[in-house]
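>
Number of protein chains: 2
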Amino acid sequence: MVDTNQSYIKQCFPVIEERLYQEIIESCSYHEFPSSSYVVKQGAYLNFLPVVLKGQIKMYAEEEDVQFLLYYINSGESCILSFNHLFDPKPVQFSAITEEDTVVMTLPVNKVKEWFVKYPTFARIIINDFQRNFADLLQTTKEIVCFGIEDRLVKYLENKAKRDKSNLIHLSHKKIALDLGTSREVISRITKKLEKTGVLVQHKRCIELMGC
Amino acid sequence: MVDTNQSYIKQCFPVIEERLYQEIIESCSYHEFPSSSYVVKQGAYLNFLPVVLKGQIKMYAEEEDVQFLLYYINSGESCILSFNHLFDPKPVQFSAITEEDTVVMTLPVNKVKEWFVKYPTFARIIINDFQRNFADLLQTTKEIVCFGIEDRLVKYLENKAKRDKSNLIHLSHKKIALDLGTSREVISRITKKLEKTGVLVQHKRCIELMGC
DNA sequence: GAAAAACGGTGATCAAAATCACCGTTTTCT
DNA sequence: AGAAAACGGTGATTTTGATCACCGTTTTTC
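If you read the sequences in order, they're chains A and B.
Quick note: the first sequence uses this note's numbering, first residue 0, plus one each step.
Quick note: the second sequence uses this note's numbering, first residue 0, plus one each step.
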């Protein structure tokens with residue numbers, strides 16, 4: 000199993016130098032999570048850097064009793080979850096929940112700091128990733144503020160279809176509502192409306208997106 | 000004037016090594032902006048890193064015809080505006096508008112990249128700052144989603160008072176509305192309501208915050 | 001196979017905020 | 001000083017989405 004994990008590391012970081020790779024596999028540890036479980040819970044203090052090796056994670060904000068989806072972390076595109084807390088220990092301000100069965104590797108903070116100056120590639124990867132997180136968050140914020148729920152739902156479904164590479168979306172109205180920070184009834188009504196306008200078709204257990 | 004600007008750099012980066020400081024003053028250029036002018040406009044391509052030396056800037060998102068405040072950049076606490084665009088040239092997804100008369104220094108991208116690996120202090124400053132931006136953005140997003148306009152207005156005013164170190168807030172209802180992404184009438188009604196509950200008092204040209 | 005749990009639909013009602021319309025006051029500009 | 005522009009107040013109306021209530025169907029579980 001360790002061998003499998005090591006191959007994930009190679010896949011996620013195809014360009015790192017051999018020495019860095021060796022250091023990583025010496026210091027990291029692996030954690031497996033089933034779908035829909037917490038990897039990080041808002042308010043916790045982390046002394047490690049979580050990296051998604053396989054699977055998918057969604058970042059959630061929680062405030063008062065409302066929670067809502069911020070953005071996704073995939074293993075494919077890049078893997079760093081966040082380093083918000085690395086240099087200045089504070090409780091994290093969001094939660095991370097697995098979207099499917101997921102393997103996470105954790106790197107100790109002190110090593111991360113060390114590698115950050117020692118290996119420009121490593122710094123580059125982290126920066127790059129953080130940048131993407133920032134851009135994703137900004138995009139989400141804009142959509143929340145500027146678009147109505149209907150548009151947001153369509154985007155959400157399109158995004159889901161794209162990530163799953165399938166037009167069939169296996170999600171209950173309730174789960175969708177949770178991600179969009181609204182209620183089931185609202186989703187139920189809007190999907191109905193979207194069905195009438197031909198954007199999607201609802202089947203027994205899933206939604207089929209029609210957009211070309 | 001260059002001397003003044005150089006002293007601003009010292010103030011903003013009190014801990015950098017002399018060699019880095021020398022490199023910065025050799026490569027940077029200075030720009031002065033009056034209050035309420037665009038430093039960066041959403042959609043532009045930047046090939047420099049803007050750093051606020053003096054004054055204050057607010058970051059704005061614009062989408063459709065709605066625009067709203069994301070967070071502030073002060074010269075005091077730290078100065079990096081963003082490096083979202085540094086490593087992977089893309090149009091910036093927000094605008095930066097001066098809140099008062101402001102001096103900005105710009106650093107060429109190639110130098111920034113060079114210093115990033117050459118001077119750990121520099122990397123540290125940038126990361127730290129980016130982190131703060133991320134945290135601020137996240138906080139703003141949560142407030143937008145979870146709080147009603149009344150709460151957001153109070154927070155906005157408290158924040159403004161804190162930044163100005165004065166309970167007297169010289170802002171028109173219209174400007175406030177713009178920052179909060181709503182309309183003047185709404186602000187007008189809520190300030191009235193807050194006046195009745197004793198949270199604030201409205202004077203001729205300004206609002207006085209009462210909360211101890 | 002029966003009970004329990006999750007799911008989905010829909011009408012009625014409510015609340016927050018956006019929008020429109022109008023009007024008087026204050027400030028700024030020339 | 002006089003015109004123009006910005007500012008602020010307020011009623012009426014509308015829209016969006018949240019909430020409540022209720023009910024039938026499907027899926028899971030034991």
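Positions of the beta carbon are idealized from the N, C-alpha and C atoms, including for glycine.
Because the structure is a prediction, the values reported are computed rather than measured.
Less than 7 Å between CB atoms is the rule here; does A:A60 satisfy it with respect to chain B?
yes
> Name the chain B residues that come within less than 8 Å of A:N127, Cβ to Cβ?
F86 and D87
> Can you grab the Cα-Cα spacing for the pair B:S94 / B:L48, in whole Å?
14 Å
> Do B:V111 and B:E31 have their beta-carbon atoms positioned less than 7 Å apart in this structure?
no
> Once the 5 residues before and after A:I206 are set aside, which same chain residues still bring their CB inside 6 Å of it?
Within the same chain, I168 and L199 come within 6 Å of A:I206 by CB-CB distance, once the 5 residues on both sides are set aside.
> Indicate whether B:T181 and B:I148 have their beta-carbon atoms separated by less than 7 Å.
yes
> Am I right that B:L136 and A:L80 are in contact with their C-beta atoms under 8 Å? What's the rounded C-beta distance?
Contact check for B:L136 and A:L80: beta-carbon distance about 17 Å, past the 8 Å limit, so the pair fails to qualify.
> Within 10 angstroms of its Cβ, does B:N46 collect 16 or more other Cβ (buried), or is it exposed?
exposed
> Can you tell me the Cα-Cα spacing of A:H172 and A:Q130, whole angstroms?
32 Å
> Could you work out which residue in A:I23, A:L85, A:L68 and A:I126 is closest to A:E98 when comparing CA atoms only?
A:L68
> Using the beta-carbon of each residue, which ones in chain B are nearer than 9 Å to A:Q92?
A134, L137, Q138 and K141
> Considering B:K79, what are the terminal residues of the beta strand (DSSP E) in which it resides?
Inspection of the sequence shows that residue 79 of chain B is occupied by Ile rather than by Lys. DSSP places B:I79 in no beta strand (DSSP E); its state is neither H nor E.
> Entirely within the segment 80-158 of chain A and at least 3 residues each: give me those beta strand (DSSP E) ranges in chain order.
94-97 and 101-107
> To the nearest angstrom, how far is the alpha carbon of B:L177 from that of B:Q66?
7 Å
> By a C-beta neighbour count over all protein chains shown, 10 Å radius and 16 as the cutoff for buried, is B:T3 buried or exposed?
exposed
> Give me the Cβ distance between B:V50 and B:L85, rounded to the nearest whole Å; I'm assuming they're in contact under 8 Å.
Actually they are not in contact, since the Cβ atoms of B:V50 and B:L85 sit about 12 Å apart, beyond 8 Å.
> Is there a Cβ of chain A sitting closer than 7 Å to that of B:C11, yes or no?
no
> Residues of chain A with CB closer than 7 Å to the CB of B:E63, please, in chain order.
C145
> Helix, strand or coil for B:E16, going by three-state DSSP, please let me know.
coil
> Do you know how far the Cα of A:F12 is from the Cα of B:V153?
So the two alpha carbons sit approximately 46 Å from each other.
> Under the assumption that B:L19 contacts B:W114 (Cβ atoms under 8 Å), give the Cβ distance between them as a whole number of angstroms.
6 Å
> Under 7 Å between beta-carbons, which chain B residues line up against A:F67? List them in chain order, please.
V144
> Report the three-state DSSP secondary structure of B:A43 (helix, strand or coil).
Assigned with DSSP and collapsed to three states, B:A43 falls in coil, not helix or strand.
> Under 7 Å between beta-carbons, which chain B residues line up against A:G180? List them in chain order, please.
V144
> What are the start and end residues of the alpha helix (DSSP H) that includes A:H172?
For A:H172, the uninterrupted alpha helix (DSSP H) run begins and ends at H172 to L179, by DSSP.
> Residues of chain B with CB under 9 Å from A:P119, in chain order?
F115 and V116
> Using the Cα positions of B:E92 and B:Y71, report the straight-line distance between them to the nearest angstrom.
Here residue 92 of chain B is Gln; the residue named in the question, Glu, does not match the sequence. The alpha-carbon atoms of B:Q92 and B:Y71 are separated by roughly 16 Å.
> Please list, in chain order, the chain B residues whose beta carbon lies closer than 8 Å to that of A:A122.
F115, V116 and A122
> Under the assumption that B:I96 contacts B:Y37 (Cβ atoms under 8 Å), give the Cβ distance between them as a whole number of angstroms.
6 Å
> Using only alpha-carbon positions, find the residue among A:S35, A:Y7, A:I186 and A:Y44 that is nearest to A:I56.
A:S35
> Would you mind working out which of B:S26, B:P33, B:M58 and B:E25 sits nearest B:Q41, comparing C-alpha positions?
B:M58
> I need the straight-line Cα distance from B:T120 to B:S74, nearest angstrom please.
18 Å
> Do the CB positions of B:L208 and B:L156 come within less than 7 Å of each other?
yes
> So the candidates are A:R188, A:Q21 and A:C27; which of them puts its Cα closest to the Cα of A:N109?
A:C27
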